[in-house]
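See structure below.
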Amino acid sequence: MKKINPTTVAALRKAKIINEFTMVKELRKLFETRAELYQPANRVARLAVEILAAINRERVTLGDAICRQVMATYIKEFALTILTDQSSKLLDIKKEVEQLEQKPRTTAIDKADFEKQQKVIIAKFFVHAEQAIGKLQAQKPVGGFGAYNALQIGEIIRLFAGVCESINPDLKKDSTANLAKDITLRLSGIRANAPAETVVFNFGDYCGLRAIYRNSPWGSKAFDKEARDRGPRSPAEIKRYGTDNNSVEAAVLNVLDLKPGLSSGNTLFVLGDKDVVGTINRSLGLLNGADISGTTCDTIWALESLMQWLQHFDSSFVVNPNLLLLPVAAIVSGFHHTVLEVGLALSINYDTGALRIAYAPGFFTTLQNDDMRKHDKEQAIGKLLQAAEQHADNAILLGAEDSNGQAVVYRAEPSEREAVKAALQLTAAKYDIWHSLAQRRPAPVSVVDIKKIYPTLVD
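The sequence shown begins at 1 in our numbering and counts up by one.
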């Protein structure tokens with residue numbers, strides 16, 4: 001790698017970040033215009049919406065405990081957009097819930113009054129939630145494409161996965177944590193050739209599978225508090241985010257057609273010194289986001305399992321493994337996370353075997369495994385990823401500090417990019433190195449440290 005003048009780094013970094021988010025936007029377009037992507041993605045989203053609708057229909061049978069958890073999920077900030085586009089009344093109910101939560105519950109009378117008011121709010125909430133879900137179900141294809149665009153599909157899946165998490169929060173807890181255990185739902189409109197037919201769906205067993213996607217040894221480490229050193233931005237800081245027209249943040253928001261000051265994952269959080277993802281970002285010249293994406297893990301689980309259920313109910317449904325890139329197309333293009341944060345989650349979930357993904361930051365082709373490439377019609381996704389990877393603006397950088405505390409930045413030469421790609425691939429072993437460097441902060445990442453990532457670096 002070639003040592004470069006530190007004064008040129010800011011411009012190189014800005015250009016590479018813009019290139020990355022431009023790729024994300026173009027990937028979103030593929031998910032909205034190519035039939036092999038938008039058709040199965042819309043089928044998956046429709047199944048998720050039908051399951052949510054079934055919960056609304058059968059809420060009396062499901063019981064108060066599940067209803068409370070479902071409401072709590074719906075009113076979270078991340079779940080509001082897709083719903084409040086359909087029913088703005090949900091925002092008012094969110095405020096009512098927040099006001100009720102502030103009331104004291106110290107005496108038996110207080111608790112009884114709280115529960116009474118809560119039931120009233122839950123009943124009101126489900127009226128509007130049912131209306132919102134009903135409008136989503138009635139949404140028709142636009143311009144010959146899918147009924148839902150990539151961003152909508154991403155939010156539907158996030159909401160659905162959030163409901164499943166709230167009902168069965170953690171694999172490590174005992175079976176009583178699964179509030180949906182032994183509960184089945186009746187779903188309709190699932191079979192393409194028999195839309196009126198009703199099928200039985202074991203919701204409890206289904207929810208019980210979600211937590212395994214974060215509970216591998218590597219996943220447990222990456223999602224542990226020690227690895228995630230992040231804090232909230234103040235409301236004033238969020239409003240200022242991206243308002244400096246010369247900043248890289250403003251440039252990215254412009255690429256994604258988003259407005260400065262929006263509330264999204266990347267604007268809500270600041271990554272601290274000891275954050276592992278933040279350490280990688282600083283060393284590789286990447287944009288700081290919201291930390292490793294648990295949303296991606298839940299979305300991957302939902303996509304995989306919903307595709308399997310669709311195939312179970314309808315043998316004509318064809319599973320396209322490239323739907324695993326929906327989090328990049330939807331979550332990243334919505335500015336909730338960065339490509340690294342999604343790529344890390346994909347790498348953790350597909351750490352071994354024939355379906356292995358080992359994302360190397362900046363090398364976008366590593367987001368696909370061989371199975372995904374095999375199902376990539378006309379290599380539309382592969383060509384897009386390769387073009388962004390080989391773009392002149394996609395400088396591969398490695399940064400450190402020398403013994404005098406001065407920044408030292410290296411840029412990969414064209415002849416060594418393949419070697420650097422192999423060195424940067426996110427594996428459990430390589431993550432352990434980044435984790436150890438983060439835990440040493442505020443001690444700087446030295447050139448010696450960087451050689452642990454890329455051993456053949458010549459100082």
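Positions of the beta carbon are idealized from the N, C-alpha and C atoms, including for glycine. Keep in mind that this is a model prediction, so the values were computed, not measured.
Next on the checklist: Rounded to the nearest angstrom, what separates tryptophan 309 and asparagine 149 at their Cα positions?
Outcome noted: The alpha-carbon of tryptophan 309 is positioned some 22 Å away from that of asparagine 149.
May I ask which residues mark the beginning and end of the beta strand (DSSP E) holding proline 321?
Per DSSP, proline 321 lies in no beta strand (DSSP E) and is assigned neither H nor E.
Cβ distance (whole Å) where leucine 286 is taken to contact phenylalanine 335 below 8 Å: About 14 Å separates the Cβ atoms of leucine 286 and phenylalanine 335, ruling out a contact at the 8 Å cut-off.
Quiz item: glutamate 32: buried (16+ other C-beta within 10 angstroms of its C-beta) or exposed?
Solution: Classification of glutamate 32: buried, given that the 10 Å Cβ count is 16 or more.
**Prompt:** Taking all protein chains shown into account, do 16 or more other C-beta atoms lie within 10 angstroms of the C-beta of isoleucine 183, making it buried, or fewer, making it exposed?
**Reply:** Result: buried.
Query raised in the report: Are the CB atoms of leucine 284 and arginine 230 nearer to each other than 9 Å?
Result: It is not a contact, given that the beta carbons lie outside the stated cut-off.
- Among the residues of its own chain, which have a CB less than 7 Å from the CB of leucine 306, if the five just before and after it don't count? By the criterion of a C-beta distance shorter than 7 Å, leucine 306 is surrounded in its chain by Val44, Leu47, Ala48, once the five residues flanking it on both sides are discounted.
Proximal residues to lysine 89 (C-beta, below 6 Å), its chain only, five neighbours per side dropped: The beta carbon of lysine 89 lies closer than 6 Å to those of His128 in the same chain, with the five residues before and after it left out.
**Prompt:** Going by beta carbon distance, what residues of the same chain come within less than 8 Å of threonine 243, once the five residues before and after it are set aside?
**Reply:** Cβ within range, chain order: Ala250, Pro260, Gly261.
- Just checking my contact of methionine 1 with alanine 395 at CB under 8 Å: how many whole Å lie between their CB atoms? No, methionine 1 and alanine 395 are not in contact; Cβ-Cβ is about 11 Å, not under 8 Å.
* Give the secondary structure of asparagine 149 by DSSP, where H, G and I count as helix, E and B as strand, and everything else as coil. => Residue state, collapsed to three classes: coil.
Note to self: Quick check: what's the CA-CA separation for valine 369 versus valine 319?
What the structure shows: Checking the displayed sequence, the identity of residue 369 turns out to be asparagine instead of valine. Approximately 15 Å between the Cα atoms of the pair.
**Request:** Can you grab the Cα-Cα spacing for the pair aspartate 291 / glutamate 389, in whole Å?
**Result:** Here the C-alpha atom of aspartate 291 lies approximately 23 Å from the C-alpha atom of glutamate 389.
On a CA-only basis, which of Val24, Val9, Asn19 is nearest valine 332? Give me that one, please. Ranking Val24, Val9, Asn19 by Cα distance to valine 332 puts Val24 first.
Backbone secondary structure at arginine 411 - three-state DSSP: Reduced to three states, the DSSP call for arginine 411 is strand.
So, helix, strand or coil for asparagine 202, using DSSP?
Strand, per DSSP.
If you pair each beta-carbon of the region 372-385 with each one of the region 410-430, do three or more pairs fall below 8 Å? Result no; under three Cβ-Cβ pairs closer than 8 Å.
May I ask you to report which of helix, strand or coil DSSP gives isoleucine 190?
-> In the structure shown, isoleucine 190 falls within a coil segment according to DSSP collapsed to helix, strand and coil.
*asked:* Here's a check: name, in chain order, each residue in its chain whose Cβ is nearer than 6 Å to the Cβ of phenylalanine 114, leaving out the five neighbours to either side.
replied: Counting only Cβ-Cβ distances below 6 Å, and skipping sequence neighbours, we find Arg105.
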